[in-house]
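Just below is one structure, and these are the notes that go with it.
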Amino acid sequence: MVKKNISRRSFVKGLAAGTASLAMPFNDHKAEASDTSELVTLLDLSRCIGCGECVEACRTVNGHKFPQPQKPFPEMVPKGRAKVEDWSDRREVDDRLTPYNWLYIESVEVEYKGVVHEINIPRRCLHCQNPPCANLCPWGAAEKQQNGIVRIQPDVCLGGAKCRTVCPWHIPQRQTGVGLYLRLLPGFAGNGVMYKCDRCYDRIDKGELPACIEACPESVQKIGPRREILNEVHNIIHEKGWFAYGLEENGGTNTVYLSPVPFELLDAASRKGPGLPGLNKVDAAMEDEENLAAAVAIAPFAGLVAGMIKAGRFVSSKLGKQEK
Amino acid sequence: MRHSLISNKISIVLKLTIFVLALTGAAQMPIFKRYYIADLPGLGWLSDFYLTNKIHYIFGAVLLFLLAYIFTLYLGVFSKTHCVTVSGKIKGLFFILVCATGIMRVIKNLNSVTLDPFTVMLIDWIHLGFAILLGLIAAVTFITGKKRYLKSLKDH
Ligand code: SF4
Ligand code: SF4
Ligand code: SF4
Numbered sequence: 000m001v002k003k004n005i006s007r008r009s010f011v012k013g014l015a016a017g018t019a020s021l022a023m024p025f026n027d028h029k030a031e032a033s034d035t036s037e038l039v040t041l042l043d044l045s046r047c048i049g050c051g052e053c054v055e056a057c058r059t060v061n062g063h064k065f066p067q068p069q070k071p072f073p074e075m076v077p078k079g080r081a082k083v084e085d086w087s088d089r090r091e092v093d094d095r096l097t098p099y100n101w102l103y104i105e106s107v108e109v110e111y112k113g114v115v116h117e118i119n120i121p122r123r124c125l126h127c128q129n130p131p132c133a134n135l136c137p138w139g140a141a142e143k144q145q146n147g148i149v150r151i152q153p154d155v156c157l158g159g160a161k162c163r164t165v166c167p168w169h170i171p172q173r174q175t176g177v178g179l180y181l182r183l184l185p186g187f188a189g190n191g192v193m194y195k196c197d198r199c200y201d202r203i204d205k206g207e208l209p210a211c212i213e214a215c216p217e218s219v220q221k222i223g224p225r226r227e228i229l230n231e232v233h234n235i236i237h238e239k240g241w242f243a244y245g246l247e248e249n250g251g252t253n254t255v256y257l258s259p260v261p262f263e264l265l266d267a268a269s270r271k272g273p274g275l276p277g278l279n280k281v282d283a284a285m286e287d288e289e290n291l292a293a294a295v296a297i298a299p300f301a302g303l304v305a306g307m308i309k310a311g312r313f314v315s316s317k318l319g320k321q322e323k
Numbered sequence: 000m001r002h003s004l005i006s007n008k009i010s011i012v013l014k015l016t017i018f019v020l021a022l023t024g025a026a027q028m029p030i031f032k033r034y035y036i037a038d039l040p041g042l043g044w045l046s047d048f049y050l051t052n053k054i055h056y057i058f059g060a061v062l063l064f065l066l067a068y069i070f071t072l073y074l075g076v077f078s079k080t081h082c083v084t085v086s087g088k089i090k091g092l093f094f095i096l097v098c099a100t101g102i103m104r105v106i107k108n109l110n111s112v113t114l115d116p117f118t119v120m121l122i123d124w125i126h127l128g129f130a131i132l133l134g135l136i137a138a139v140t141f142i143t144g145k146k147r148y149l150k151s152l153k154d155h
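Same order as they appear, the protein sequences are chains A and B.
So for the first sequence, numbering that gives the first Met the number 0 puts the first residue at 0; every next one is plus one.
So for the second sequence, numbering that gives the first Met the number 0 puts the first residue at 0; every next one is plus one.
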């Protein structure tokens, strides 16, 4: 409990400092930095008892953001490929990700070094540092905020589900029959809106904790500035010899799981399938793009130089002709 | 006098580059799978968002090279004897907008960069919108015949 209070107090303090600096533009820059730095959630899996309070809290607090689809859904072309994804009659499902359930608990039993561990793993969007779901959205509907929260705008999203395809964990979930596509060409493009954990961005903006963190009776999660949390993570790994997930995955996420057993074991024991992200090793999805960016940066200058050489030759050959 | 700002070879490379960019750009929208295009033999790769995105980057770099080359050549040599026609200017402006927003997208996708959400949306919409406009212009030009983008100052 003490730990939780400290983290909560320092978190709220950090936010308050940030807000104060917004109100007073001449404040020192340190306070501003604490406001704009990315926030990381740390989940200590050894503490989670799988009570599901967090799942319930997420559904209650974020209920007003859930889709309210209109039926009947518009006919989509072609029928074989543009399939309706309707969760509105199955809102109660809470053992996987759905548009109405952004957090679920995966419970596994694994044996490690002769000891059987029962581990409960709260699963939701990891809020990647370089999120392919947002980077590759062709419509600008998904984006990462300065504070590290990755959000999909429900008013802008067309529900093409590209974000789900490119997300290494296939996190965002689609609901047909809502959103902007209904007002464009509902038969031919789009198919609803994608939903996932938005890290309770509205609560964070008000200086409150995400609902799942606040509701947890075991203080499984904490949230704080990236540097602070990573320090703590490295200390725990060093002291206890524990394992981390989210530090390297997809080039780094703003969610870090800590566990006394290796994540390969947890992954192997986890259910797999739609709406059930695994815990496998994930390479940085945008790494090649990061390298190719250099080519894009150099190209115009190379073209400029090539053009100058060609122009120089052209002019000198013309002069040569004139002299003759 | 017909201008010869760029050689035939470069003109072919430029057209090919723009074609690949249009194709891999369109592939960034989830349509090729939905409309069975990626089911056609040899076109499966069109439904791979990561692959088509990387190809888009590479040919984007090629296009930037070519456009910078052509523009420098125009400034250095042809601007003294030729001027750009109105349709050339319009097309040029659209190209600049698509390229500039393309570069901004590349910057935005860097791990170290986070732009404000509204800016991101604006960049994406301008990139998509003007690329579609360029496509429409190309279609119209194809039907009505080629427009001249440069004219000799001596024509006046
Ligand atoms: S509320 Fe806490 S202990 Fe209960 S399932 Fe969620 S994270 Fe685990
Ligand atoms: S986990 Fe998936 S949905 Fe969440 S930020 Fe990363 S890529 Fe996006
Ligand atoms: S941070 Fe908010 S939206 Fe995300 S899982 Fe927790 S309660 Fe749900």
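Cβ coordinates follow ideal geometry from the N, Cα and C atoms, glycine included.
Note that the structure is a prediction, hence the values are computed from the model and not measured.
Note the first and the last residue of the continuous beta strand (DSSP E) segment covering A283 of chain A.
Taking the first residue of the first sequence as 1, we reach residue 283 of chain A at position 284. Neither: A283 of chain A is in no beta strand (DSSP E) and is coded neither H nor E.
Name the residues in the segment 285-313 of chain A whose C-beta lies less than 7 Å from a C-beta of chain B; which are they?
Those residues of the segment 285-313 of chain A that come within reach of chain B (Cβ to Cβ, closer than 7 Å) are M285, D287, E288, E289, L291, A292, A294, V295, A298, P299, A301, G302, L303, A305, G306, M307, K309, A310, F313.
So R198 of chain A and H126 of chain A are supposed to be a Cβ contact under 8 Å. How far apart are they, rounded?
Counting from 1 along the first sequence, the entry for residue 198 of chain A is found at position 199. Counting from 1 along the first sequence, the entry for residue 126 of chain A is found at position 127. Confirmed, Cβ separation roughly 6 Å.
Mind listing the chain A neighbours of Y68 of chain B? Cutoff is C-beta to C-beta under 8 Å, in chain order.
Residue numbering aside, residue 68 of chain B sits at position 69 when the second sequence is read from its first letter. Within 8 Å Cβ-Cβ: G302, L303, A305, G306, K309.
Hey, out of A:L179, A:D287, A:I236, whose CA is closest to G191 of chain A's CA?
Indexing the first sequence from 1 puts residue 191 of chain A at position 192. Measuring from the Cα of G191 of chain A, the nearest candidate turns out to be A:L179.
Where E117 of chain A and L44 of chain A are concerned, what is the direct C-alpha to C-alpha distance, given to the nearest angstrom?
Locating residue 117 of chain A in the first sequence gives position 118, counting from the first residue. Locating residue 44 of chain A in the first sequence gives position 45, counting from the first residue. Approximately 10 Å between the Cα atoms of the pair.
Output needed for N249 of chain A: all residues of its chain with C-beta closer than 7 Å, excluding positions within five of it in sequence on either side, in chain order.
For the purposes of this step, residue 249 of chain A is taken as residue 250 along the first sequence, with counting starting at 1. Result list for N249 of chain A: C127, P167, V281, A283, A284, in chain order.
Y68 of chain B by DSSP, collapsed to three states: which one?
The count along the second sequence starts at 1 and reaches residue 68 of chain B at position 69. Three-state result, Y68 of chain B: helix.
Are there 16 or more other CB atoms within 10 angstroms of the CB of K320 of chain A, so buried, or fewer, so exposed?
For the purposes of this step, residue 320 of chain A is taken as residue 321 along the first sequence, with counting starting at 1. Exposed, by the Cβ-count rule.
Between the segment 25-55 of chain B and chain A, which residues of the former have a C-beta closer than 8 Å to a C-beta of the latter?
Within the segment 25-55 of chain B, the qualifying residues are Q27, M28, P29, I30, K32, R33, Y34, Y35, F48, Y49, N52, K53.
Please say whether Y148 of chain B and T84 of chain B have beta carbons closer to each other than 8 Å?
In the second sequence, counting from the first residue as 1, residue 84 of chain B sits at position 85. In the second sequence, counting from the first residue as 1, residue 148 of chain B sits at position 149. Yes, these two residues count as a Cβ contact at 8 Å.
By the 10 Å Cβ neighbour count, where 16 or more other Cβ atoms means buried, how is A138 of chain B classified, buried or exposed?
Numbered from its first residue, the second sequence carries residue 138 of chain B at position 139. Burial call: exposed.
Have a look at the DSSP bridge pairing and note the partners of R150 of chain A.
As a first step, residue 150 of chain A is located in the first sequence; it is residue number 151 there, counting from the start. For R150 of chain A, which the question treats as bridged, DSSP gives the partners A:E142.
Would you grab the beta carbon distance between P130 of chain A and C47 of chain A for me? Rounded to a whole angstrom, and I think it's under 8 Å.
Here residue 130 of chain A refers to the residue found at position 131 of the first sequence. Here residue 47 of chain A refers to the residue found at position 48 of the first sequence. So it is not a contact: roughly 25 Å between Cβ atoms.
I need the DSSP call for L38 of chain A, collapsed to helix, strand or coil.
Residue mapping note: residue 38 of chain A aligns to position 39 of the first sequence, counting from 1. Correct three-state label for L38 of chain A: strand.
Tell me the rounded alpha-carbon separation between Y35 of chain B and L42 of chain B.
Taking the second sequence and counting its residues from 1, the one referred to as residue 35 of chain B is at position 36. Taking the second sequence and counting its residues from 1, the one referred to as residue 42 of chain B is at position 43. Cα to Cα, the separation comes out at about 10 Å.
Below 6 Å CB to CB, which residues in the same chain sit around H169 of chain A once its five sequence neighbours on both sides are set aside?
Working through the first sequence from its first residue, we reach residue 169 of chain A at position 170. Within the same chain, H169 of chain A has close Cβ partners R163.
V39 of chain A and I222 of chain A - do their beta-carbons sit closer together than 8 Å?
Locating residue 222 of chain A in the first sequence gives position 223, counting from the first residue. Locating residue 39 of chain A in the first sequence gives position 40, counting from the first residue. Yes, the Cβ-Cβ distance between I222 of chain A and V39 of chain A is below 8 Å.
Distance, Cα to Cα, G51 of chain A vs L42 of chain A?
Position 52 of the first sequence, counted from the first residue, corresponds to residue 51 of chain A. Position 43 of the first sequence, counted from the first residue, corresponds to residue 42 of chain A. So the alpha carbons of these two residues sit roughly 14 Å apart.
What residues in its chain sit with their C-beta under 6 Å from that of T143 of chain B, if we drop five residues either side in the sequence?
Taking the first residue of the second sequence as position 1, residue 143 of chain B is located at position 144. There are no such residues.
Report whether the distance from the Cβ of E217 of chain A to the nearest heavy atom of ligand 1 is below 7 Å.
Locating residue 217 of chain A in the first sequence gives position 218, counting from the first residue. Result yes, Cβ under 7 Å from ligand 1.
Are the C-beta of F129 of chain B and some C-beta of chain A separated by less than 8 Å?
Within the second sequence, the letter at position 130 stands for residue 129 of chain B. No, its Cβ sits nowhere closer than 8 Å to a Cβ of chain A.
Following a CB-centred definition, is S259 of chain A positioned closer than 7 Å to any heavy atom of ligand 1?
On the first sequence, position 260 is the one that residue 259 of chain A refers to. Note that residue 259 of chain A is Pro in the sequence shown here, rather than Ser. No, ligand 1 has no heavy atom inside 7 Å of this Cβ.
So, is the C-beta of V12 of chain B closer than 8 Å to a C-beta in chain A?
Mapped onto the second sequence, residue 12 of chain B falls at position 13. So, not an interface residue.
Let's see if you can read the secondary structure: which residues bound the alpha helix (DSSP H) around L121 of chain B?
Here the question's residue 121 of chain B lines up with position 122 in the second sequence. Looking at the DSSP string, the run of the alpha helix (DSSP H) that includes L121 of chain B is 116-143.
Below 8 Å on C-beta distance, what does Q145 of chain A contact in chain B?
Mapped onto the first sequence, residue 145 of chain A falls at position 146. Within 8 Å Cβ-Cβ: T113, D115.
How is K221 of chain A classed by DSSP in three states: helix, strand or coil?
Counted from its first residue, the first sequence places residue 221 of chain A at position 222. Strand, per DSSP.
Helix, strand or coil for C156 of chain A per DSSP?
The residue labelled residue 156 of chain A in the question sits at position 157 within the first sequence. It is coil, neither helix nor strand.
In whole angstroms, what is the alpha-carbon distance linking L158 of chain B and P40 of chain B?
Outside the modelled stretch of chain B, which goes from 0 to 155, sits residue 158 of chain B, for which no answer is possible.
What number of angstroms, rounded off, separates the C-alpha of A21 of chain B from the C-alpha of Y200 of chain A?
Here residue 21 of chain B refers to the residue found at position 22 when the second sequence is read from its first residue. Here residue 200 of chain A refers to the residue found at position 201 when the first sequence is read from its first residue. When rounded, the distance between both Cα atoms is 36 Å.
Which one of A:P137, A:V149, A:E238, A:A296 has the shortest CA to CA distance from T252 of chain A?
On the first sequence, position 253 is the one that residue 252 of chain A refers to. Looking at the Cα atoms, A:V149 is the closest of the given residues.
Output yes or no for whether 8 Å exceeds the beta carbon distance between Y256 of chain A and A243 of chain A.
Position 257 of the first sequence, counting from 1, holds the residue named residue 256 of chain A. Position 244 of the first sequence, counting from 1, holds the residue named residue 243 of chain A. The answer is yes: Cβ separation under 8 Å.
Compute every distance between the C-beta of C47 of chain A and the non-hydrogen atoms of ligand 2, then say whether any falls below 7 Å.
If you number the first sequence from 1, residue 47 of chain A lands on position 48. The answer is no for C47 of chain A.
With a Cβ-Cβ cutoff of 8 Å, do F58 of chain B and L45 of chain B count as a contact?
Translated into the one-based positions of the second sequence, residue 58 of chain B becomes position 59. Translated into the one-based positions of the second sequence, residue 45 of chain B becomes position 46. No, the Cβ-Cβ distance between F58 of chain B and L45 of chain B is not below 8 Å.
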